[in-house]
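Trainee: Take a look at the following structure, please.
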Amino acid sequence: MKKIYLFLLLAPLLSLAQIQFTTNVLTDQNSGFQGADGFELIDVDNDGDKDIFAYKGSSLVVFERLTNGQFSKPLPINTPFQTSFTAKMGDLNGDNLPDLVIITSNSISWMPNTGSFTNFTVINLISTNNVPNSVQIIDRDADGDQDIFFYDTFNSGWFINNSNATSFTFSSYFGSSVFDILVQDVNGDNAADFISKASDGENDLRFTVYDATATNSYNFIETIDGFAVGGYPALGDLDGDGDNDLAYAYLNGTARQLVWYQYNSTTGLFGPKTVIASLTTDPSGVYVGNVNSNGAADIVLTYNDLDKISWVRSNGNGSFAAEQTITTAADLVRQVLIADADGDTFNDIFFTSYYDSKISYLKTNGAVNPTFTEVRLNNATFGAFSVEAGDLDNDGDRDIVQASLIERKISWFKNENGAFSSNQNIIHEFETYAPYNLRVTDIDNDGDKDILYFSTWEPNLSNASELVLLKNSNNGSTFTKSIVYAVNEEMSTYELLDADNDGDQDLVVGNNGNLMYLFKNNGNGTFATPTQFSEFLFNRAPGLFAVADFDNDGDTDIATGRSDGEVSWFVNEGGNFTQKNIVLAPNNLNYSIKAADIDNDGDQDLIYENYSPNRIGVFKNQGLGVFAAPVVIDNSIFRPRGLNAVDLELDGDLDLVCGSENSIIVAYLNDGNGNFGSEITISNEPAATRDITTTDFTGDGLPDFAIASYNDDSIVWLENRGLATRQINGKVQYDADSNGCTTQDYGVATKLVQATDGNFSLAAFTLATGNYQLNLSDGNYTLNLPNTATHFGVSPLEPIVQLNDALPAIESNFCITPAIATEDLEISLYPTNSVRAGFDHQVKMIVKNVGSVEKNATIKLYHPANKLLFQSAEPQANASTAGVLEFTINNLQPLTERLLTVNFTVAVIPIVNLDEIVNIGVEIEDSEGDATPDNNGASVNQSVIASYDPNDVTVFEGATVPIENANNYLHYRIRFENTGNTYADRVVIKTTLDSDLDWNTLQPEGASHNYFTTVRNGNEVTFTFNAIYLPAASQNLAAAQGYVLFKIKPKNTVVVGTAVNATAAIYFDFNPPIITNTATTTFVNTALYVDQVDVEKMVLYPNPVDAVLNVNPTTNWQEIELIDVTGKTVIRAKTFPITTGNLAPGIYILKARTTSGQSLVRKVVKR
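In terms of mature numbering (1 follows the signal peptide of the UniProt record, and there is no 0), the sequence shown is residues -17 to -1, 1 to 1150.
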């Protein structure tokens, strides 16, 4: 089910816009049937296949059979009955539609099926005097219509159907003490025979068989067994001879046996008791049916004490195989039926079980010893309590994981390209404990996502609470349970954090009595002995933990809101938490807190919700963990739950989203300074929020939400559809034959399209297809294609479009035509990674035809063959000699490009040496006639390095450029690497162009992944990688990296001494940005020009270092920083050498800047 909600917001780009959310219900109260009392297979809708009819209490449902073993969600059957009843279905009035029989505490009635099988209204009373506990609908007297057999502890008999249910005749056959009654045709005469176990004396139990007669009476045939202690008789052809035998569980003290009585069709009698197998425990049910489809009936056993279903295979000759377990995941089985569920001609095993609310079938594969796969039909999440997102199947997108308390179940929904299947994958269930507070993380550092939860308070158990780890293996198909922590007291909360900065996830756990413990991860998902860091206080329990670096010292601290209203945080001191800082004194309120920088001041604040008295607010961090008094944001939201901080508007600040128990999800928009507007409803579902998690499920760069609702048993996800903006879109095409652009003409890629209203401008580069899109607000806009060469014509030249309510979207296409025949090729050369001894190195060449005529070209790449060992090229080089690779490009059309990729391996030391310069060059041969031959070649100098900053900006022209080259392009590479502990759905790179760069000449030249580029107001450039699914470097270093390449020209106003700077902010998902280095290029006189070798050639020594770190050659330094792996600056200096003796062993990054503006970044290892 989907619904679309919109809410209004003020946005920097738009004067008035709307964010749209689509509500998708994965499960709700209509998705399942909790603890069915009974069910049967019957063709309810008269379409030729058997559906599932089930009842519980006063509720009736039908699971309509669809195709291939699929059934619909439970469809409610409406009746006037409001009290609990037992129900059966059968065709009583002879119209080939199953009617409904209802047995309440004081009546038995039937209701005709009028064709609408979900709505029964007419009640026909059968009796109020003889009301049984249960009935069976079967033809008693072989007259072709269905009669009603009834039985209970005190009575049994028939309501004989007269003339298609116009009346019923009551007939009682047995008095009290009748048990385990079977009504079935035993002897093949199509009349219902009668087998019962009845008491004869105090302990003498016997099976008695009666044969039906045509006069509605029964003839006594035989006593099968005079001492049939036990129960659960079942009839079926156990020996494959065509008649029905009797199976039974003989239970007499410690004697537990599965037995059978063979029927002899010649004599019409049953043979003596024969033992099939001894049983180790009492079964709770015996059922007979052909499980393996071999012609002989097998036996299915249920064990409620063990949550088990097993089977005993009949060999078809009166012998049986050993008992085999099918499943141990069926909690209190109520009923079993054996039939073909999916139309593959192989029988399956249907069952309903009470405590886990199941209606399922165990699919078989038709083998003699079949495999069994459970298919769950009622897809409910009864008591949905907790929800999390994580990639359980390692396919690159985030799935939804939920925990439901009533079912005591954890399950997950697979994300399939931004859509979710409503079929649950059951991970774990049937525990005595109920699961709370899911977390999804790679706890054992093996590359997949595991699940943590803690159990509820159960004082009758030896361990009242447990913290449980479910280790993921085989891409979400197998989870192995282990107990992290078990204690005979109430656990209140826990949270994940890296307390000791060792790169793995530790745990902080809170128990009742204010007890808090730290569990340090050994690196493999096992934990060291916990340490307690809080004093005992009676009846005081920590609430949710918020973990963040509150004092900005580079490590993770712990904050919590206690049950008595105290809010405090603990300082991380080398992985230990001893110093407690009070944020708010006890006040009898319960603060559930989370950490978020809501005022963009660089430190972590605390947002909070008060379940009662209905408030959300914030404690603003004033710096170094000093918090201001709480500020109430809203005191009208009813019982807030699931408060999250997320950038809804993608404007760089964190907004708030919160659920409640009055069926609304609301948002509060941040003005950028931590001030929030009034609540805005973004969804009216579900009924009562219990938990919310946020992530980008669809890979479109927008934050979505998953919600668990306890009261209506639902899991809902809200898809963020983004701003409902005004839009200009269209396509830029090249008209090679000058007859007007048609569908036959190709699109022009990476062509800049600009819209401006005179004050504001927005531009976007076309995609590979030539399409573009600009999202704008109301207004009049002039469109143009900046920097189009004069040898091309553009039509229309500068169209004016108007956007308003009447015209919310405009299509504006451009057609580029050749005006002057011009030959003009250009080539760019980009290394995509650094030159590191012994590592792979890759370069990319982009050849563009910016002229108006088709061209062929020969490309030569020059490289030092002994230092860069050639491995491969795409496309393949058509010639290769020592140090030279030659490529041929044919038929390069105007305004198109070709990409050439070459892979090398860098030689090892001493063939190359650290800081040695390695040069690569490329040229287009035969440039005669080219309009701009200066751009027909390129070269790059790179230093051999040992390590590098994974998120950086490089300008390949170097630190200085001769002023004569100021009219040439500068070539940039921005690299990024996911150094977090999970994959990133989205990467956004933002860079503000230096005021001395001409944005009209900007050209994106490629990237590691699919991306698009926009330019706002002529200088704010954004490269967006949606659905990138970048893994963490700890999981896959090579796949964790990416880059974007672009070139741009300086303005013609630059002079000697002009310094052009480039810095980027890299956003991984919705986290704070990583700020790169600043790449500086200064324009100098030719006489003073030197290549960028000074800083690049500098060597740090010794490295690894013990006590003193030095540099050679020396220079004038402005600032030197040594940074540890957490990002904390541990040393600041102005000169070398640096004393490092007091540093802990590990890896550090040294960043230094000279007085001339050059930067040095090196990796330093402290021994």
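We put the beta carbon where it would ideally sit given N, CA and C, even for glycine.
For the candidate residues Q12, G684, D487 and I1049, whose alpha-carbon lies nearest to that of S340?
Mentor: For the residues Q12, G684, D487 and I1049, the minimum Cα distance to S340 belongs to Q12.
Trainee: Please go through the same chain and pick out, in chain order, the residues whose beta-carbon is closer than 7 Å to the beta-carbon of F68, but skip the five residues on each side of it.
Mentor: S41, I85, I86 and T87
Trainee: P418 bridges to which residues according to DSSP?
Mentor: S438
Trainee: With DSSP run on the structure shown, which of helix, strand or coil describes N918?
Mentor: helix
Trainee: The ligand COA and K603: does any heavy atom of the ligand fall closer than 7 Å to the residue's C-beta?
Mentor: No copy of the ligand COA occurs in the structure displayed, which carries no ligand at all.
Trainee: Note the first and the last residue of the continuous beta strand (DSSP E) segment covering G272.
Mentor: G268 to G272
Trainee: Going along the chain, which residues of its own chain have a beta-carbon closer than 7 Å to the beta-carbon of D547, five neighbours each way excluded?
Mentor: R523, P569 and N571
Trainee: Expressed to the nearest angstrom, what Euclidean distance is found between the alpha-carbon atoms of L759 and I1031?
Mentor: 26 Å
Trainee: Might you give, ordered along the chain, the residues of its own chain that have their beta carbon closer than 8 Å to the beta carbon of N597, omitting 5 neighbours on each side?
Mentor: N618, S619, I620, F621, R622 and P623
Trainee: Our contact map puts V370 next to A840 with C-beta atoms below 8 Å; I'd like the distance itself, whole angstroms only.
Mentor: Their Cβ separation, rounded to whole angstroms, is 56 Å, which puts V370 and A840 out of contact at 8 Å.
Trainee: Residues bridged to R819 by DSSP?
Mentor: I928
Trainee: Return the chain-ordered list of same chain residues with a C-beta closer than 7 Å to the C-beta of D374, the five sequence neighbours on each side being excluded.
Mentor: D380, R381, D382, K432 and Y966
Trainee: Do the CB positions of F177 and S666 come within less than 8 Å of each other?
Mentor: no
Trainee: Kindly indicate which residue of K734, S517 and G537 has the alpha-carbon position closest to the one of N484.
Mentor: G537
Trainee: Taking the alpha carbon of V8 as the reference point, which residue from D913, L241, V699 and E592 has its own alpha carbon closest?
Mentor: Each of D913, L241, V699 and E592 was checked against the Cα of V8, and the nearest Cα belongs to V699.
Trainee: Looking only at C-alpha atoms, which of L631, I1103 and V891 sits nearest to F659?
Mentor: Cα-wise, what sits closest to F659 is L631.
Trainee: Could you check where the beta strand (DSSP E) with residue 1165 kicks off and where it finishes?
Mentor: As shown, the chain starts at -17 and ends at 1150. That puts residue 1165 outside it, with no answer to give.
Trainee: How many Å lie between T676 and I1103 at the Cα?
Mentor: Those two C-alpha atoms are separated by around 41 Å.
Trainee: What does a CB cutoff of less than 7 Å around A70 pick up in its chain, not counting 5 residues either side in sequence?
Mentor: So the qualifying residues of the chain are Y38, L43, L83, V84 and I85.
Trainee: Hey, is the region 976 to 994 in contact with the region 708 to 726, meaning 3+ C-beta pairs nearer than 8 Å?
Mentor: no
Trainee: Per DSSP, which residues does W1100 bridge with? Please list them.
Mentor: T1137
Trainee: What are the complete beta strand (DSSP E) segments, minimum 3 residues, inside the region 454 to 497?
Mentor: Those beta strand (DSSP E) runs which fall completely within the region 454 to 497 and span 3+ residues are 461 to 470, 474 to 480 and 489 to 494.
Trainee: Nearest CA to the CA of A848: which residue from I894, A804 and G834?
Mentor: I894
Trainee: If I follow the unbroken beta strand (DSSP E) through F46, where does it start and stop?
Mentor: S42 to F46
Trainee: Cutting at 8 Å between CB atoms, please list the residues of its own chain near V351, excluding the five before and the five after it.
Mentor: N275, N277 and R296
Trainee: Can you list, in chain order, the residues of its chain with a C-beta nearer than 6 Å to that of A125? Leave out the 5 residues immediately preceding and following it.
Mentor: Same-chain partners within the cutoff: N173 and A174.
Trainee: Determine the direct distance from the alpha carbon of I900 to that of N1133, and round the result to whole angstroms.
Mentor: For clarity, residue 1133 is Leu in the given sequence; the question names Asn instead. Approximately 21 Å, taken between the alpha carbons.
Trainee: Short check: CB of L808 to CB of V830, under 8 Å?
Mentor: yes
Trainee: Return the Cβ separation of L1126 and K1149 in integer angstroms, given the expectation that the two are a contact with Cβ distance under 8 Å.
Mentor: 5 Å
Trainee: Classify V867 as buried or exposed, calling it buried when 16 or more other Cβ atoms lie within 10 Å of its own Cβ.
Mentor: exposed
Trainee: If we count Cβ pairs, one from each stretch, closer than 8 Å, do we get three or more for the region 930 to 938 versus the region 1050 to 1061?
Mentor: With the cut-off at 8 Å, the region 930 to 938 and the region 1050 to 1061 touch.
Trainee: Where does A654 land, buried or exposed, given buried means 16+ other C-beta within 10 angstroms?
Mentor: One point to set straight first is that residue 654 is Asp, not Ala, in the sequence displayed. It counts as exposed.
Trainee: Quickly, what does DSSP pair residue 1151 with across the bridge? List them, please.
Mentor: Outside the modelled stretch of the chain, which goes from -17 to 1150, sits residue 1151, for which no answer is possible.
Trainee: Return the CA-CA distance between G741 and P769, expressed in angstroms with no decimal places.
Mentor: 15 Å
Trainee: With H, G and I counted as helix, E and B as strand and the rest as coil, what does DSSP make of D687?
Mentor: Three-state result, D687: strand.
Trainee: For N144, which of helix, strand or coil comes out of DSSP?
Mentor: If DSSP states are grouped into helix, strand and coil, N144 belongs with the strands.
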